[in-house]
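**Q**
Number of protein chains: 2
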Amino acid sequence: MEYTVNKLASMSGVSGRTLRYYDQIGLLKPARINSSGYRIYGQQEVDLLQQILFYRELEVSLEDIMEIINQPNFDRSKALKNHYEHLKQKRARLDKIMATVEKTIASMEGGTPMQDIEKFEGFKEKLIEENEQKYGKEIREKYGDETVEASNAKLRGMSQEDYDAMTKLGEEIMVLLEKAYHTGDPASAEAQLVAEKHKEWLMYSWSTYSKEAHAGLADMYVADERFTAYYDKAVKGGTKFLRDAIRIYLGLEE
Amino acid sequence: MEYTVNKLASMSGVSGRTLRYYDQIGLLKPARINSSGYRIYGQQEVDLLQQILFYRELEVSLEDIMEIINQPNFDRSKALKNHYEHLKQKRARLDKIMATVEKTIASMEGGTPMQDIEKFEGFKEKLIEENEQKYGKEIREKYGDETVEASNAKLRGMSQEDYDAMTKLGEEIMVLLEKAYHTGDPASAEAQLVAEKHKEWLMYSWSTYSKEAHAGLADMYVADERFTAYYDKAVKGGTKFLRDAIRIYLGLEE
DNA sequence: ATTGACCTTTACGTTGCGTAAAGGTTTATG
DNA sequence: CATAAACCTTTACGCAACGTAAAGGTCAAT
């Protein structure tokens with residue numbers, strides 16, 4: 001039995017375009033081309049197409065399918081295990097997304113305005129990243145992954161009330177920072193108050209607090225333009241001023 | 001505070017290209033363009049970008065995000081619920097795929113050659129579809145969804161042994177069909193044997209058997225070119241011959 | 001004045017086809 | 001037997017959300 005494109009197409013449930021495309025990329029060539037230029041497929045091609053569609057169903061890319069079917073002694077088992085890991089990651093990601101969407105819907109039904117939710121989520125992610133930047137590089141080795149993960153977990157699981165309090169504290173810090181900045185002295189009472197509030201603010205997210213971690217974070221604020229931009233919203237140069245105040249507050253300088 | 005593209009980019013963790021693209025599609029326009037043609041973003045745009053990225057994280061398409069952020073009284077809750085259903089379907093599909101991959105790997109480790117597995121899966125799907133075509137249209141209403149689902153489940157859960165037996169029987173039918181065809185008579189003993197074997201073959205997949213369903217399936221074979229092509233592999237015209245034999249076997253004709 | 005670090009626009013590549021458009025071939029019908 | 005209907009062909013743009021040059025202005029510093 002021989003089939004033209006659309007015959008094979010309707011037999012197998014794919015489109016004619018798909019078969020021409022498979023021919024084009026060399027995935028499935030017709031058995032021969034007749035005198036009028038028509039593609040003619042035979043039984044072998046039907047079987048091969050079955051194989052291809054099997055892998056395609058599993059979301060294997062056409063490129064990978066080519067490897068699988070073209071190399072006779074290809075390690076299919078290894079390839080599939082590899083593919084399985086991909087799928088697993090994909091599902092884990094999907095699960096996380098779905099959880100967030102669920103939580104978001106719940107918050108909305110609870111009356112929280114959408115804007116706040118977005119900010120909340122966006123901010124939490126930023127904080128986690130902040131943590132990651134600080135801890136990730138130095139502290140992960142020093143204190144182990146558990147400290148970091150615990151901190152991230154604390155953040156992710158933070159209640160709306162805590163978040164509100166934290167946000168308020170954060171805004172307060174910005175106001176106080178601007179005032180303190182105008183004293184011109186990071187050792188001033190005003191500046192030291194900001195440093196203390198900043199520590200308080202940190203406690204919302206950090207599972208454990210240490211002076212060196214706090215000082216390190218302050219340094220990172222100055223080094224990382226994202227944080228510089230954030231604290232400079234209060235006053236230009238505010239980030240550096242904050243760092244100095246913190247270092248004095250921690251007794252690292254005078 | 002004002003930011004150029006790459007400033008905002010490194011602040012928010014996206015690329016400059018992304019911001020230019022968002023500008024291009026009208027998702028996020030800069031606050032203004034300076035005299036040199038540079039894009040300048042302000043605080044409002046930073047906040048808006050935060051919002052956009054929040055939804056992007058949830059795998060909402062940029063097109064949908066535009067709707068969400070551009071229409072002030074847009075029903076975000078409804079949109080998110082809708083989106084959640086999408087994600088649910090996606091995960092269900094992923095789960096099915098992963099189950100198949102797992103089963104495939106297990107079979108391979110059990111020593112089953114890959115070819116057989118592929119054929120097995122491909123064939124099962126074909127059978128399920130076959131069931132669906134017949135049952136889906138007529139029987140779902142008559143006998144209810146349960147009959148159909150039971151049948152599909154029976155197929156999907158079929159053991160390798162049953163499958164092998166079924167395959168063998170299927171091949172036997174093809175051979176017998178060709179022989180019977182040459183008698184020229186669908187009422188001949190040979191043809192009636194084919195019809196009986198075909199019923200036997202069906203029993204592997206059907207949860208319940210009825211004459212009318214069998215006759216209906218035979219009609220569908222003739223009507224659907226995929227099945228016509230399949231049975232005509234034995235002999236050209238074999239499908240029609242098979243249908244006639246079955247109808248006589250069932251006592252619907254003489 | 002030149003270098004280097006920015007910025008700009010234009011445009012092709014990615015994945016797996018869908019969907020015309022323009023034109024030759026085969027089959028069915030009047 | 002002519003012509004229409006039903007096939008087949010190739011070429012090529014479109015899709016989502018950017019990545020990645022390429023070619024060329026602008027700005028700050030040396």
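Taken in sequence, the protein lines are chains A and B.
Reading the first sequence from the start, the letters are residues 1 to 254 in full-length UniProt numbering.
Reading the second sequence from the start, the letters are residues 1 to 254 in full-length UniProt numbering.
All C-beta atoms in this analysis are idealised placements derived from N, C-alpha and C, irrespective of residue type, glycine included.
1) Do residue 191 of chain B and residue 245 of chain B have their beta-carbon atoms positioned less than 8 Å apart in this structure?
2) Which full runs of the alpha helix (DSSP H) of 4+ residues lie inside the UniProt domain "HTH merR-type" (1-71) of chain A, going along the chain?
3) Distance cutoff 8 Å, beta carbons only. Does residue 15 of chain A sit that close to anything in chain B?
4) Looking at residue 33 of chain B and residue 52 of chain B, is the spacing between their C-beta atoms short of 8 Å?
5) Quick check on the burial criterion: 16 or more other C-beta atoms within 10 angstroms. Buried or exposed for residue 45 of chain A?
6) Roughly how many angstroms separate the alpha carbons of residue 233 of chain B and residue 1 of chain A, rounded to a whole number?
7) Please list the partners that residue 83 of chain A has in chain B, where partner means a Cβ-to-Cβ separation under 9 Å.
8) Confirm, please, whether the CB-CB distance from residue 38 of chain B to residue 3 of chain B is below 8 Å.
9) If you measure from the beta carbon of residue 61 of chain B to each beta carbon in chain A, is any gap under 8 Å?
10) Where residue 106 of chain B and residue 75 of chain A are concerned, what is the direct C-alpha to C-alpha distance, given to the nearest angstrom?
11) Would you grab the beta carbon distance between residue 97 of chain A and residue 94 of chain B for me? Rounded to a whole angstrom, and I think it's under 8 Å.
12) From residue 201 of chain A to residue 195 of chain A, what does the alpha carbon distance come to, in whole angstroms?
13) How many whole angstroms separate the CB atoms of residue 101 of chain B and residue 214 of chain A, which I take to be in contact at a CB cut-off of 8 Å?
14) Are the C-beta of residue 200 of chain A and some C-beta of chain B separated by less than 8 Å?
15) I think residue 177 of chain B touches residue 238 of chain B, with their Cβ atoms under 8 Å apart; what is that distance to the nearest whole Å?
16) Quick check: the Cα distance between residue 193 of chain A and residue 174 of chain A, rounded to an integer number of angstroms?
17) Show which residues of chain A have a CB atom less than 9 Å away from the CB atom of residue 233 of chain B.
18) In the structure shown, what three-state DSSP assignment does residue 142 of chain A receive?
19) For residue 170 of chain B, tell me which candidate among B:181, B:199, B:183 has the shortest Cα-Cα distance.
20) Does any C-beta atom of chain A lie closer than 8 Å to the C-beta of residue 91 of chain B?
21) Have a look at residue 219 of chain B and residue 73 of chain B and give me their C-alpha separation to the nearest angstrom.
22) Using a C-beta to C-beta distance shorter than 7 Å, which residues of chain B count as neighbours of residue 104 of chain A?
23) Beta carbon of residue 19 of chain A, beta carbon of residue 62 of chain A: below 8 Å?
**A** Here's the rundown:
1) yes
2) 5-12, 16-24, 43-57, 62-70
3) no
4) no
5) buried
6) 6 Å
7) 101
8) no
9) no
10) 14 Å
11) Residue 97 of chain A to residue 94 of chain B, Cβ: 12 Å. No contact.
12) 10 Å
13) Actually they do not touch by this definition, with Cβ atoms about 48 Å apart.
14) no
15) 5 Å
16) 12 Å
17) 1, 43
18) Note on residue 142 of chain A: pLDDT 46, under 50, position unreliable in the model; the coordinate value appears next. Of the three classes helix, strand and coil, the one that applies to residue 142 of chain A here is helix, per DSSP.
19) B:199
20) yes
21) 55 Å
22) 80
23) no
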